[in-house]
Every structure is written in C-alpha cells, then in structure tokens.
C-alpha cells in the first residue's frame, strides 16, 4: 500500500513538472509584440551559436550552445529574435533589443520565460570571409537579469554565420563594421 502511494505521488510530481514545462514553451506564435510591431526580415542562417561568459570571483565560466535549424527574425522596433524551427512554428531562444525595455515589458518577458538582452549599434560587429559563410555577425548584449548582474560581468553573445549582411544593416538601421 505504501509503495502505491509513493508511485502515485511520483507520477503527480512528474505530471506537474511536464505541465509547467509545456505551459512556458516559448513559441514564436506566443511572442508578446508591441502595438504596431511586426517582423520585417527573416533569415535562416548557416549557423547560429550562443556564447555566454560570466566572471564569478576569480574564475571565468563560459557556456556554448549551437542552435539546430536556426532562424533569425528582425522587427521594425529594433528587436532581434533568435529561434529554432520547431514543426510549423519556432522556439524562441533569445531576444536582443536595440532599445531599452520598459519595466512592465521586462516583467512580462520574465514571466513568460524569455531570455533577453539590450545592446547598442556599437555592440554589433562582423568578420568577413569565414569558413562557414561570407560573414560572421556578432551581437554582444548585456544580460538584463539582475541576479547575474550582481555576480559579475555577464555578456550574452550571439553569433550568426550569414551571406547577407546588408539586410541586417537596413532593417536594424545601424552600420555594421566589418573587419
């Protein structure tokens, strides 16, 4: 009898974990756009990778992730959405904004589980003639998470390998310096 209750409780806990996981799925179709905001540019780059470096005390920690089936979307309000194609939709991995977000936007995005960072035009750099594509565009954003900000410097880096740098410049309204 005791084992049956343990199994039932374990199944309920697993069910709650799965339910909370799928309720917070960050699908692009559920993305909280502002009024009048729309996607003006979409690209499927050759490669999209995320690097995160944080300095905690005397030790530097680095995390690297390569997104499979990547897709990048740029909105008319200066947001860059990094996602992974998933069935007929996309799973949003991170969002960079060229404009500072209002406090209510930050809270809404945190509640929905979106990872976001802010950056300026100087935080976008490109390298020409890479092995994977014609350009490697690097976006370096400051992570807006107050917990990591108290622990040390936490740069959120997204690298896109693409052949089309002019569309990014046109739709973001910034000149990307190519090295």
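Residue numbers (the numbering used here): -14 to 164.
C-beta atoms are modelled at their ideal positions from N, C-alpha and C, and glycine is treated no differently.
Point to revise | Bounding residues of the beta strand (DSSP E) (the contiguous stretch that carries residue 74) | key: Counting from one through the chain shown, the residue named residue 74 turns up at place 89. Residues 74 to 82.
Practice item. With DSSP collapsed to three states, give me the class of residue -6. Key: The residue you call residue -6 lines up with position 9 of the chain shown. In this structure, residue -6 counts as helix in the three-state DSSP scheme.
Exercise for review: Find the nearest neighbour of residue 31 within the set 154, 161, 121, judged by alpha-carbon distance.
Suggested key: What you label residue 31 is simply residue 46 of the chain shown in a count that begins at 1. Cα-wise, what sits closest to residue 31 is 121.
Practice item. Tell me whether residue 64 is buried or exposed, calling it buried when 16 or more other Cβ atoms sit within 10 Å of its Cβ. Key: For the purposes of this step, residue 64 is taken as the residue at position 79 of the chain shown. Under this definition residue 64 is a buried residue.
Review point. By how many angstroms is the C-alpha of residue 24 removed from the C-alpha of residue 90?
Key: Start at 1 with the first residue of the chain shown, and residue 90 comes out as number 105. Start at 1 with the first residue of the chain shown, and residue 24 comes out as number 39. Note on geometry: alpha-carbon atoms of residue 90 and residue 24 lie some 18 Å from one another.
Practice item. Starting from residue 56, follow its DSSP beta bridges and name the residues at the other end. Key: Within the chain shown, residue 56 is the residue found at index 71, counting from 1. For residue 56, the beta-bridge partners assigned by DSSP are 68.
Practice item. Quick one: using the 10 Å Cβ neighbour count with 16 as the cut-off for buried, is residue 82 buried or exposed? Key: Within the chain shown, numbered from 1, the residue matching residue 82 stands at position 97. Looking at its Cβ environment, which holds 16 or more other Cβ atoms inside 10 Å, residue 82 is buried.
Review point. Straight-line CA distance for residue -9 to residue 12?
Key: Within the chain shown, residue -9 is the residue found at index 6, counting from 1. Within the chain shown, residue 12 is the residue found at index 27, counting from 1. Their Cα atoms are separated by approximately 35 Å.
Check your understanding: Helix, strand or coil for residue 117 per DSSP?
Key -> Here residue 117 refers to the residue found at position 132 when the chain shown is read from its first residue. Note: residue 117 maps to coil in three-state DSSP.
Practice item. Let me know if residue 17 comes out buried or exposed under the rule of 16 or more other beta-carbons within 10 Å of its beta-carbon. Key: Counted from its first residue, the chain shown places residue 17 at position 32. With fewer than 16 other beta carbons inside 10 angstroms of its own, residue 17 counts as exposed.
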